[in-house]
Amino acid sequence: MNQPNDTARIDTIEPEQSYADNPLEDRSTDHYQAEYVQSFVEKWDELIDWDRRESSEGKFFIDLLRRLGKRSVLDVATGTGFHSVQLLRAGFDVTSADGNAEMLSKAFINARRRGFVLRTVPADWRWLNRDIVGRYDAVICLGNSFTHLFSERDRRRALAEFYAALRHDGVLILDQRNYDRLLDSGVATKHAYYYCGEAVRAEPEHVDDGLARFRYEFPDKSVYHLNMFPLRKRYVRNLMKEVGFQDVTTYGDFQETHANLDPDFFVHVATKE
Ligand code: SAM
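Right, dumping it as structure tokens:
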């Protein structure tokens, strides 16, 4: 027979991040669902501190989209909603997709607090066009999200889905950590882009050609991890061209020029025509 407290107890259980006994074996595309659990998502905004992030990125994406004359934007990696909200505030027509339900609901709440109602679509990139409606001027995949795809087949498939979601003259904007530097010299970061929550320590725990495992420690001493695929810049650029994008321009650290040759992040801008 059920004890009166059973239901309450079940309701309050929060799933933990789950990894194999040897976490270095977790190298699958689906694994992001086991990593972005509610408690980690709640802390994510601490990690990416919206105000500081806004001051480090500036208006890079807004200016870029305006310069390219784009209006409708599909944010395929909405996360907790940072870019979706920023673009809505700037007057863009934004649709916010993500494969993780915890992330999307947190994004919706974050947007609501700032006076916006997000148009959300739960969608995994590999089947994106099954779930979204219409075609967009721009697809954005930001915050080092593409790194969650662990097989080349999934990367090709996701890029092809992004391509198909674009209008004939559309543009894909996709960023990534500078993994070349991490793979070649072991150095993860020089500056504080993205991972700039004041007291959050983010550092690589293991790196090989097929895995970059990062450890995130929060002020309350809670520790989370992300297993990611270390994408080389050249590889990503080539893949974009192979799936059909005509031209790929790569920026470093949200700068309009290539002046910084050794940035923490790369931003690829791939055009369809
Ligand atoms: N763009 C946000 C930001 O910059 O704060 C979130 C970045 S977070 C590192 C990566 C996001 O990508 C997560 O919200 C995750 O759920 C999503 N994601 C990862 N793999 C995905 C997939 N295969 N399909 C859809 N979303 C995925």
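When we follow the working numbering, the leftmost residue of the sequence shown carries the number 121, and every step to the right adds one. In this text, a Cβ means the ideal position worked out from N, Cα and C, and glycines have one as well.
Three-way DSSP call (helix, strand, coil) for A390 in this model:
Strand.
Check: F202 C-beta below 7 angstroms from any heavy atom of the ligand SAM
The answer is yes for F202.
Touch check for the segment 149–156 and the segment 261–275: three-plus C-beta pairs under 8 angstroms?
Contact between the segment 149–156 and the segment 261–275 is present, because at least three Cβ pairs lie under 8 angstroms.
To the nearest angstrom, report how far apart Y315 and D373 are at their CA atoms.
Because Y315 sits at a pLDDT of 48, beneath the cut-off of 50, its placement in the model cannot be relied upon, and the following sentence gives the value as read from the coordinates. For Y315 and D373, the distance between alpha carbons rounds to 13 angstroms.
Rounded to whole angstroms, what is the Cα-Cα separation between L208 and L144?
Straight-line measurement puts the Cα of L144 at about 39 angstroms from the Cα of L208.
Tell me whether W245 counts as near the ligand SAM, meaning its Cβ is closer than 7 angstroms to at least one heavy atom of that ligand.
Yes, the beta carbon of W245 sits closer than 7 angstroms to at least one heavy atom of the ligand SAM.
Based on the DSSP output, what are the partners of I260 in its beta bridges?
For I260, which the question treats as bridged, DSSP gives the partners D195, I293.
According to DSSP, which residues form a beta bridge with H288?
For H288, which the question treats as bridged, DSSP gives no partner whatsoever.
Does the Cβ of V389 have 16 or more other Cβ atoms within 10 Å, making it buried, or fewer, making it exposed?
Around the beta-carbon of V389, 16 or more other beta-carbon atoms lie within 10 Å, marking it buried.
T200 to E362 span [Cα, whole Å]
Roughly 31 angstroms between the two C-alpha positions.
Do you know how far the Cα of V253 is from the Cα of R232?
Distance between the alpha carbons of R232 and V253 is about 23 angstroms.
Any non-hydrogen atom of the ligand SAM within 7 angstroms of N347 CB
With a cut-off of 7 angstroms, the C-beta of N347 is classified as distant from the ligand SAM, since no heavy atom of the ligand falls inside that distance.
So does P373 have its beta carbon nearer than 7 angstroms to some heavy atom of the ligand SAM?
Correcting the residue identity first, residue 373 is Asp in this sequence and not Pro. It does not: the Cβ of D373 is nowhere closer than 7 angstroms to a heavy atom of the ligand SAM.
Inter-residue spacing [alpha-carbon to alpha-carbon] between A140 and Q153:
Cα to Cα, the separation comes out at about 14 angstroms.
Mark H326 as exposed unless 16 or more other C-beta atoms lie within 10 angstroms of its C-beta, in which case mark it buried.
Residue burial annotation: H326 is exposed, with fewer than 16 other C-beta atoms found within 10 angstroms of its C-beta.
If the criterion is Cβ atoms closer than 8 angstroms, does the pair N347 and L359 meet it?
Between N347 and L359, the CB-CB gap reaches or exceeds 8 angstroms.
Going by alpha carbons, who is nearest to E222 out of V205, I182, D165, R275?
Nearest of V205, I182, D165, R275 to E222, Cα basis: D165.
For D251, the first and last residue of its enclosing alpha helix (DSSP H):
Annotation: the continuous alpha helix (DSSP H) that includes D251 extends over 248–251.
Sort D171, L194, R172, S175 by Cα distance to V291 and report the nearest one.
Ranking D171, L194, R172, S175 by Cα distance to V291 puts L194 first.
Can you grab the Cα-Cα spacing for the pair K392 / R250, in whole Å?
Our two residues, K392 and R250, have alpha carbons roughly 21 angstroms apart in a direct line.
Cβ-based neighbour list, D382, same chain, cut-off 7 angstroms, excluding 5 preceding and 5 following:
If we look at D382 and ignore the five residues flanking it on each side, its Cβ neighbours are R301.
According to DSSP, A332 sits in a beta bridge with which residue or residues?
Beta-bridge pairing by DSSP links A332 to V327, M348.
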